[in-house]
Structure formats: C-alpha cells, structure tokens
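**Q** Before anything else, here's the structure in question.
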Amino acid sequence: MVRDVANRYQGLPRRTPDMLFQVVRKFARAALQHDPFIQKKKRDVELAREEMRASGESGRLVSELTILFQEFHFYLTCWLQIDLALYRLAEADQKFGEIRNRFHDDLELHLRIRKLVDDTASCVTEQFVRCGEEMACVTDDRYWFEGTPFSVDERSVQSLKRLVDAIMGQRPPSS
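The opening position of the sequence shown corresponds to residue -19 in our numbering, with each subsequent residue numbered one higher.
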C-alpha cells in the first residue's frame, strides 16, 4: 500500500506505544536536523533570483526552487510520519486524541502542502504565475501552494517542536 496523505490511516501496521514514541523522536529529529539545510537552499534560491533579475534567464531559479521544494517534501514527510504515530497513539489513549485535536490545523496544513509538493513542477510553476518577474515569494520566504502561503520557517519549526513536546510529555516514564 502506498502511504500518502489521502490514505494515510488505512492498513497501518500494529506498533507498540514504545515504537510509536521512537517514530516520533526519529522523525522530529530528522525534520529539525534538515531545517538548516533548507535554510541554505533558500539562500541558493535567493541568489538564483538575483541572477534571473540580472540576466532574464530563469533556468537556475527553476532548478533551485525544484530542489528547495523537494527538501520541503522531506521535512513534510517527517510531519506525516509523526501524524501516523500520533493517530495510532490516539486510538489507544484519548489524551493523544486531545493532542491531535489541539494541533489539527497545523497537521492538516503541513500534510496538505506535502501532498501538493508531490507535484514539484506544478509548485514551481505556481511561484512564477503568482509572483511574476519580481518573484517576491523568494524574498518574502512565502511560497504558494494552490493559493496557500507556506514555508519551512521558524513558525513551522516551532509548531513541530510544540507538537512533539506535547506527544512526548504524555509518554509513560518507561517509554
């Protein structure tokens, strides 16, 4: 079965709570360790934007945006894996259901963007259509995905940290 956003809760294998907490730790760590790399890629995108503005040639910017959005995809896949673990924890214990409810909007935003970034080429095209020659989305660090603004930024990272802290704060002492 393909594990994607649309069918993410179907056919999940059984996992012990201990394993699910390990999943949360592992993917949170992966996402947080990936953030500096994403920020570096954003600088590469900014340089490519400047080159495009000077030369009129957009090839490098297209390439750099493609790489950046692929990096977003990895980060957002970490959110997906945490969501899957939280879903299974919530099936067994309502306190995790309350965490899911509290973080519902953040989870859905990140997972919606992940699904959209599967089609990286369309996402890159949308930036040019929406932002035009100025490509203010790059300087504003505010990219558009089917009309929704998003970036892997400090707000996203802090939201992830709050979610993980809430989950891990409910684990039994032996986990």
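For every residue, glycine included, the Cβ atom is placed at its ideal position computed from N, Cα and C.
Hey, Arg29 and Val118: beta-carbon distance below 8 Å or not?
**A** Yes, the Cβ-Cβ distance between Arg29 and Val118 is below 8 Å.
**Q** Please classify Gly115 as buried or exposed, where buried requires at least 16 neighbouring CB atoms within 10 angstroms.
**A** A small correction: the amino acid at residue 115 is Met; Gly does not occupy that position in the sequence shown. Classification of Met115: buried, given that the 10 Å Cβ count is 16 or more.
**Q** Classify Gln13 as buried or exposed, calling it buried when 16 or more other Cβ atoms lie within 10 Å of its own Cβ.
**A** With fewer than 16 other Cβ atoms within 10 Å, it is exposed.
**Q** Using CA atoms only, rank isn't needed, just tell me which of Ser35, Asp15 and Asp63 is closest to Gln50.
**A** When only C-alpha atoms are compared, the closest one is Asp15.
**Q** Arg94 to Asp145, Cα distance in whole Å?
**A** Each residue's alpha carbon lies about 22 Å from the other.
**Q** If you draw a straight line from the alpha carbon of Val137 to that of Glu37, how long is it in whole angstroms?
**A** Cα to Cα, Val137 sits roughly 33 Å from Glu37.
**Q** Leaving aside the five residues before and after Lys75 along the sequence, list all residues of the same chain whose C-beta is less than 7 Å from its C-beta, in chain order.
**A** Correct list, in chain order: Gln150.
**Q** Taking the alpha helix (DSSP H) that Pro(-3) belongs to, which residues open and close that run?
**A** Here the alpha helix (DSSP H) through Pro(-3) covers Pro(-3) to Ser35.
**Q** For Phe130, which option in Gln2, Phe17, Phe52 and Ile47 has the closest C-alpha, if you only look at C-alpha atoms?
**A** Minimum Cα distance to Phe130 is reached at Phe52.
**Q** Considering only C-alpha positions, which residue in the set Leu91, Leu89, Trp124 and Lys22 is nearest to Thr105?
**A** Taking only the C-alpha atoms, the option nearest Thr105 is Trp124.
**Q** Whose C-alpha, out of Met148, Asp133, Pro152 and Arg142, is nearest the C-alpha of Tyr188?
**A** This structure cannot speak to residue 188, because the chain is shown only from -19 to 155.
**Q** Give the secondary structure of Phe130 by DSSP, where H, G and I count as helix, E and B as strand, and everything else as coil.
**A** Looking at Phe130 - three-state DSSP - the assignment turns out to be strand.
**Q** Which same chain residues, not among the five before or five after Phe83, have their C-beta less than 6 Å away from its C-beta?
**A** Correct list, in chain order: Leu143.
**Q** Is Glu44 buried or exposed, if buried means 16 or more other CB atoms sit within 10 Å of its CB?
**A** With 16 or more Cβ atoms within 10 Å of its Cβ, Glu44 is classed as buried.
**Q** Determine, using beta-carbon pairs with one atom in the stretch 97 to 112 and one in the stretch 61 to 68, whether at least three such pairs fall under 8 Å.
**A** Judged by Cβ distances under 8 Å, the stretch 97 to 112 makes no contact with the stretch 61 to 68, as fewer than three pairs qualify.
**Q** Could you tell me which of Leu66, Arg92 and Asp98 sits nearest to Met(-1), measuring between CA atoms?
**A** When only C-alpha atoms are compared, the closest one is Leu66.
**Q** Within this structure, are the beta carbons of Ala11 and Leu140 separated by less than 8 Å?
**A** Yes, the Cβ-Cβ distance between Ala11 and Leu140 is below 8 Å.
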